[in-house]
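Using UniProt numbering, you'd call the opening residue of the sequence shown number 1 and step up by one each time.
Step one of this worksheet: look at the structure below.
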Amino acid sequence: MATADLLSMDSKKNADKQKALDSALAQIERQFGKGSIMKLGADNPAQDIEATSTGSLGLDIALGIGGLPKGRIVEIYGPESSGKTTLTLHCIAEEQKKGGVCAFVDAEHALDPAYAKKLGVDLDELLISQPDTGEQSLEIVDTLVRSGAVSMVVVDSVAALTPKSELEGDMGDSNVGVQARLMSQAMRKLTGSISRSKCTVVFINQIRMKIGVMFGSPETTTGGNALKFYSSVRLDIRRIGAIKDRDEVVGNATRVKVVKNKVAPPFKQVEFDIMYGEGISKMGELLDLGVKAGVVDKSGSWFSYGDERIGQGRENAKNFLKENTRTALDIEDKIRAAHGLDFDMPEGMGKEDDDILEA
């Protein structure tokens with residue numbers, strides 16, 4: 001009998017708790033709107049995170065979701081001339097291909113429109129701003145994000161976001177922590193509206209050296225620690241060598257390491273070529289990743305795809321893929337499938353081509 005009483009008391013307590021919870025949830029929804037709180041379960045499944053391609057197949061695979069996540073903050077940092085702006089321009093070009101509106105906040109006042117056009121950026125549709133102060137830059141970013149009409153904003157760079165107080169002061173004045181405070185406030189204000197508007201905000205950052213570091217890396221990024229915490233993805237991009245055509249240097253061998261990733265496993269790294277005047281070498285990546293995935297065969301210096309030989313030496317094979325778009329697309333499709341990523345076949349490469357291949 002005593003056990004039955006205890007059970008009925010427990011069930012009454014649970015019923016009261018449930019009633020109190022329902023009342024609290026109803027009050028929250030009345031005050032802040034429907035959907036402001038919900039159960040993360042079968043009735044309200046978390047949506048798959050959408051992504052924008054980076055223009056590099058290897059980096060899309062390393063990021064785990066096929067590119068940079070939408071509705072998140074991304075930081076790309078590295079030494080000078082390592083390919084930071086080139087990578088972001090490729091991201092803009094890929095987002096524009098999907099019909100998205102992109103904005104470039106050029107705090108460094110150093111964007112080269114001719115180079116951007118070569119990388120596939122549609123200059124007629126690109127919004128560009130060259131603000132005077134750091135506050136103005138971040139206010140512009142905030143307004144664009146809140147509009148809900150912009151799908152990607154790039155800030156180049158955090159180091160160039162000069163606080164107004166520093167600009168109005170004299171040379172040599174000490175302004176300790178002003179930029180870090182500015183960035184910290186901006187992150188707090190931006191993060192909610194970025195998530196709601198599904199806009200990707202990419203901050204390019206520079207590297208500085210910490211003084212007196214005996215052990216570990218002396219490198220640090222500018223603008224304090226706030227950006228490190230609020231970023232869902234952080235990419236470390238480095239130049240690791242030169243690409244030569246006989247004696248002439250025609251590009252940079254580049255390594256990108258995913259040092260932070262909240263949407264997939266981190267610490268993956270990828271290497272690709274950045275060719276001068278051309279950007280990321282897609283064909284070079286197709287060969288390297290194709291060989292790794294077993295899609296492309298390499299025997300000595302010869303590359304072959306199926307029964308077809310596509311070139312002797314890497315450069316010849318790259319040229320073959322440039323001229324034979326269908327073969328390149330098939331290789332890319334198989335590489336993406338091997339890593340569990342979807343591939344949208346461009347228009348005009350439809351069923352007729354598939355029938356020819358099957359025949």
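Think of the CB as a built atom: it goes at the ideal place given N, C-alpha and C, for glycine as much as any other residue.
Given the structure is predicted, the values throughout are model-derived calculations rather than measurements.
Test item: CB-CB of residue i and residue j under 8 Å
i, j, result
"GLY216", "MET183", "no"
"ALA180", "SER137", "no"
"VAL263", "SER232", "yes"
"LEU127", "CYS102", "yes"
"GLU166", "VAL158", "no"
"LYS70", "THR86", "no"
"ILE237", "SER56", "no"
"GLN206", "TYR305", "no"
"GLU285", "GLY67", "no"
"ARG208", "THR220", "yes"
"SER36", "GLU29", "yes"
Chain-order list of residues whose beta-carbon lies under 7 Å from that of residue i (same chain, five-residue window excluded)
i, result
"ALA317", "LEU287, PHE303, ILE310 and GLY311"
"PHE320", "ILE310 and GLY311"
"TYR230", "ILE73, MET187 and THR191"
"SER174", "none"
"VAL130", "It should be noted that the sequence gives Gln, not Val, for residue 130. Taken in chain order, the residues that qualify are ASP106 and HIS109."
"CYS199", "GLY71, VAL145, VAL150, SER151, MET152 and VAL153"
"LYS322", "MET283"
"ILE140", "VAL105, SER129 and PRO131"
"TYR276", "VAL250 and GLY251"
"GLY100", "SER151 and MET152"
"ALA160", "ALA107 and GLU108"
"PRO265", "GLY64"
"residue 380", "Nothing about residue 380 can be reported from this structure: the residues present for the chain run from 1 to 359 only."
"LEU25", "ILE37"
Contact set for residue i: own chain, Cβ-Cβ below 6 Å, skip 5 residues either direction
i, result
"VAL201", "ILE73, VAL153 and ILE194"
"ARG336", "PHE343"
"LYS257", "ASP236 and GLN269"
"ARG234", "GLU75, VAL259 and LYS260"
"GLY313", "SER301"
"LEU89", "ALA116, LEU119 and VAL121"
"LYS19", "none"
Residue environment, residue i, which counts as buried when at least 16 other CB atoms sit within 10 Å
i, result
"LYS84", "buried"
"HIS109", "exposed"
"MET9", "exposed"
"ASN225", "exposed"
"THR143", "exposed"
"SER299", "exposed"
"PHE203", "buried"
"ASP60", "buried"
"LEU123", "exposed"
"THR3", "exposed"
"LEU289", "buried"
"ASP247", "exposed"
"ALA93", "buried"
Residues bridged to residue i (per DSSP)
i, result
"ALA103", "LEU127 and VAL153"
"LEU21", "Paired residue(s): none; LEU21 is not in a bridge."
"LEU235", "ILE76 and VAL258"
"VAL201", "ILE73 and VAL153"
"SER304", "ASP297 and ARG309"
"ILE274", "ASN252 and ILE280"
"GLY241", "ALA253"
"ARG314", "According to DSSP, ARG314 bridges with nothing at all."
"ALA26", "Note: ALA26 sits in no beta bridge, so no partner."
"ARG208", "THR220"
"LEU138", "DSSP lists no partner for LEU138."
"GLN269", "LYS257"
Contact belief for residue i with residue j at Cβ below 8 Å, rounded distance in angstroms
i, j, result
"LEU227", "GLU50", "The pair is not a contact, with the Cβ atoms about 22 Å apart (cut-off 8 Å)."
"GLU271", "ALA293", "Incorrect: roughly 15 Å between the Cβ atoms, too far for contact."
"SER151", "GLU95", "6 Å"
"GLY134", "THR162", "5 Å"
"ILE274", "GLY251", "6 Å"
"ILE331", "VAL291", "Wrong, their Cβ atoms sit about 10 Å apart, outside the cutoff."
"GLU278", "LYS118", "7 Å"
Chain-order list of residues whose beta-carbon lies under 8 Å from that of residue i (same chain, five-residue window excluded)
i, result
"GLY340", "none"
"LYS244", "VAL250"
"LYS210", "PRO218, GLU219 and THR220"
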